[in-house]
Amino acid sequence: MDNQLKEIFGAWLAAIGTVTAAVGSTPFRSLGNSFRKDLNLIGNELQAVGNALEADRQGEENLERLGNELQSVGNVTVISGLVIDFKDTTQQKLIISGNWIQALGGATALGDEFQDTSNINEIYNIIGNLLQVIGNSLQALSGVNELKASYIDNKDSSEKEEDNNSIWSLDVVGSWIQAVGSVISLIGQIQEESEEQSNENEENDSTDSDEKHDNTSQDDRRKYENGIPNKHF
C-alpha cells in the first residue's frame, strides 16, 4: 500500500473509531449497556489499527511516529481493560492508563506539528491533536474519580447517584471532544497529503519539460552538424 494512502486510510480508521467509541460511551436509552460496550470495544480496535498504520507510514523515527505508536498502545491497553476478565478495579485502572497513554501520544505528536507551522494545513493537525489530548485527559480523570468513588462506602445512595452522573458526563464530554479532534486531524491529513501529491506532480511535470527541452536541443544540434558539408583539403 502506498505510504500516502496508508496514512489517510489510518486517519479514517482512527476517526471512525473515536466516533464509534464516543457513541458507545454515551448513555442512549435506545442502546443497551452490552451493545454500548461492544461499540466502545470496536471503536478502540479501529483506533489502534488506524494509529498503527499512521505510525508505519513514517519512514524515520520522529515525534509524530512516536505519538501515533503511543496512541495505539493506549488503545490496546483500553481494549485489555474491556476484554480481559480482571477485577473491576484492575479493569478500571487499565482503562485509565490507556487513556493517559493516548493523551501522552497526542501531546507527543503535537510537539512534532509545532516544529513546522509554515504549512497552513498543520493548523488542522495542531487543533485536532490538542482536542484529542483534552478528550483523553477528561476520560482518564473520569475514570480516576470513578475509581476513587468505588473505594468510598459511607455515602448515601443519592450522593452516589449524583457522583455517577457527574462522572458519566465527564467521560461522555471527553469522548466526543476526542472524536471531534480526530475528525479535524483527518481533514488536515487529507489536505496535507493532497498538497504533497500536487507538489510531486508539479515537480514531475517540470522534470519532464526539462528533459523534452534537452532532447529538442540535442536534435537541433545534430541537424545543424549534419547540415555542414565536409571539406577535403
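Here the sequence shown stands for residues 1 to 233, numbered as in our numbering.
Glycine included, each C-beta is placed from N, C-alpha and C at the ideal position.
A quick note: this is a predicted structure, and the numbers were derived from the prediction, not measured.
Here the region 100-110 makes contact with the region 64-82; the two share three or more CB pairs at distances below 8 Å. Contact between Gln92 and Leu147 holds: CB atoms are separated by about 5 Å, below the 8 Å threshold. Collapsing the DSSP output to three states places Thr18 in a helix.
Of all C-beta pairs linking the region 46-55 to the region 23-32, fewer than three are shorter than 8 Å, placing the two stretches out of contact. Taking 8 Å as the upper bound for CB-CB distance, Leu13 and Leu46 are in contact here, some 5 Å apart.
When secondary structure is reduced to three states using DSSP, Asp112 falls in the helix class.
Within a 10 Å sphere around the beta-carbon of Glu196 sit fewer than 16 other beta-carbons, which makes this residue exposed. Boundaries cannot be given for Asn62, as no alpha helix (DSSP H) includes it and DSSP labels it neither H nor E.
Residue state for Ile177 is assigned as helix, using DSSP reduced to three classes.
Inside the region 30-65, DSSP marks no whole beta strand (DSSP E) run of 3 or more residues. Residue nearest to Gly128 within the set Gln189, Ser150, Arg36 is Gln189 (criterion: CA-CA distance).
Take Glu7, set aside five residues on each side of it, and the residues of its chain with a beta-carbon closer than 6 Å to its own are Glu54, Arg57, in chain order.
Annotated as proximal: Leu131 and Ile177, with beta-carbon spacing under 8 Å.
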